[in-house]
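Okay, structure first, notes after.
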Amino acid sequence: MYNPQPSLPAARSPVSTPCAQEVRTGNEQIRELLRVYGLRTSLIRLKVIDALHSADRNGRSIGVRGVHAHLEQLDIPLSFLSVREVLKRLCTEGVISLGNDKCYSLEPQARAVLEQPTLR
């Protein structure tokens with residue numbers, strides 16, 4: 001008996017869509033930022049910095065709860081405590097600062113690294 005396998009559509013490259021290209025570029029910039037500050041790259045650092053950068057682009061700063069809520073909206077399962085610890089470490093390293101309002105924002109030098117044009 002002949003059992004033909006259905007043909008599967010060709011897999012698309014993850015960078016073929018504009019949205020994926022933007023994410024990839026953003027992650028490259030965040031990886032460069034972490035390298036400049038001598039920090040290892042981790043998924044949680046990438047996501048937390050991306051959340052802070054997104055808030056910064058909208059002209060605001062956000063607290064631990066805001067970062068955690070942003071990550072939950074993206075279906076990224078990180079605990080509140082993990083987010084808080086990453087924010088503390090980024091503060092200690094001078095990547096971000098904590099304001100009197102208990103909100104975090106990118107330091108100007110970190111923002112400059114993230115806003116550098118990427119080479120393609």
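Anchor point for the sequence shown: position 76 equals 76 in the UniProt record's numbering, and the numbering is continuous, going up by one each time. Think of the CB as a built atom: it goes at the ideal place given N, C-alpha and C, for glycine as much as any other residue. Keep in mind that this is a model prediction, so the values were computed, not measured.
Relative to the C-alpha of residue i, which candidate in the options has its C-alpha closest?
i, options, result
"GLU85", "SER97, ASN100, GLY99 and VAL64", "VAL64"
"ARG60", "LEU106, SER42 and ALA110", "LEU106"
Per DSSP, what kind of secondary structure is residue i in: helix, strand or coil?
i, result
"LEU98", "strand"
"SER82", "helix"
"LEU43", "helix"
"SER54", "helix"
"ILE76", "coil"
Between residue i and residue j, what straight-line distance do the alpha-carbon atoms span, to the nearest angstrom?
i, j, result
"CYS103", "ILE62", "5 Å"
"GLN116", "GLN29", "8 Å"
"LEU46", "ASP101", "24 Å"
"SER54", "VAL48", "10 Å"
"ASN27", "ALA51", "12 Å"
"HIS68", "GLN109", "24 Å"
Give a yes or no on whether the minimum CB-CB distance between residue i and chain D is below 8 Å.
i, result
"LEU87", "Absent here is chain D; the protein component of the structure consists of one chain."
For the region 62-80 against the region 26-39, are there 3 or more C-beta pairs whose distance is under 8 Å? No, they do not touch.
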